[in-house]
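K.L.:
So for the sequence shown, numbering that gives the first Met the number 0 puts the first residue at 0; every next one is plus one.
Encoded as structure tokens, here's the structure I'll be asking about.
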Amino acid sequence: MAKGLDKHQHRKDELNSFGKNLARRARSHCETCDASGVKLNIFEVAPIPTTPDYDDCILICDTCSEQLNNPKCIDADHWRCLNKSMWSEVAIVKVAAIRMLRLLENKHEWAADLNEMAYLEPEVEERINKL
Numbered sequence: 000m001a002k003g004l005d006k007h008q009h010r011k012d013e014l015n016s017f018g019k020n021l022a023r024r025a026r027s028h029c030e031t032c033d034a035s036g037v038k039l040n041i042f043e044v045a046p047i048p049t050t051p052d053y054d055d056c057i058l059i060c061d062t063c064s065e066q067l068n069n070p071k072c073i074d075a076d077h078w079r080c081l082n083k084s085m086w087s088e089v090a091i092v093k094v095a096a097i098r099m100l101r102l103l104e105n106k107h108e109w110a111a112d113l114n115e116m117a118y119l120e121p122e123v124e125e126r127i128n129k130l
């Protein structure tokens with residue numbers, strides 16, 4: 000059991016080493032909803048590689064984190080913010096935004112409209128479909 004705990008702690012330490020660079024990239028705002036002045040967490044966008052990679056991480060607030068980790072409890076109105084993050088210059092932020100839009104588009108017309116407007120580079124589309 001201690002071996003698993005050690006591996007988990009080592010991974011957390013590796014992810015935390017990205018903290019300053021992620022905060023700079025995000026300008027200390029949530030990269031999905033743009034919330035500022037709140038606690039931000041490092042979130043690895045699936046599929047999660049065996050070794051943590053800066054380019055697979057986004058910095059998000061507790062509200063976004065809770066909903067991304069528990070899709071059954073999604074507050075669709077919170078995700079209207081995706082109209083901004085879907086245009087992010089950071090590929091992994093765009094991946095997270097489009098995945099959430101695709102999750103919401105069957106129940107919410109605004110999400111389907113946004114998803115329809117999205118322009119995706121081939122590598123972003125490939126990453127979105129990698130799950």
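By construction, the Cβ of each residue, glycine as well, lies at the ideal position given by its N, Cα and C atoms.
Quantities reported herein were computed from a predicted structural model and do not represent experimental measurements.
Which residues bound the beta strand (DSSP E) around L39?
P.N.:
Counting from 1 along the sequence shown, the entry for residue 39 is found at position 40. 39 to 43 is the extent of the beta strand (DSSP E) around L39.
K.L.:
Would K93 be called buried (16 or more neighbouring beta carbons within 10 Å of its own) or exposed?
P.N.:
Here the question's residue 93 lines up with position 94 in the sequence shown. K93 should be labelled buried.
K.L.:
Rounding to the nearest angstrom, what Cα-Cα distance links L103 and A22 in this structure?
P.N.:
Working through the sequence shown from its first residue, we reach residue 103 at position 104. Working through the sequence shown from its first residue, we reach residue 22 at position 23. Distance between the alpha carbons of L103 and A22: 28 Å.
K.L.:
State the Cα-Cα distance for the pair D74 and N128, rounded to the nearest angstrom.
P.N.:
Locating residue 74 in the sequence shown gives position 75, where the first residue counts as 1. Locating residue 128 in the sequence shown gives position 129, where the first residue counts as 1. So the two alpha carbons sit approximately 23 Å from each other.
K.L.:
Which partner residues does W28 have in the DSSP bridge list?
P.N.:
By one-based count along the sequence shown, residue 28 stands at place 29. Looking at the sequence itself, residue 28 is His, so the reference to Trp does not match. H28 pairs with S35.
K.L.:
Bridge partners of I97, per DSSP?
P.N.:
Here residue 97 is taken as the residue at index 98 of the sequence shown, counted from 1. Beta-bridge pairing links I97 to no other residue.
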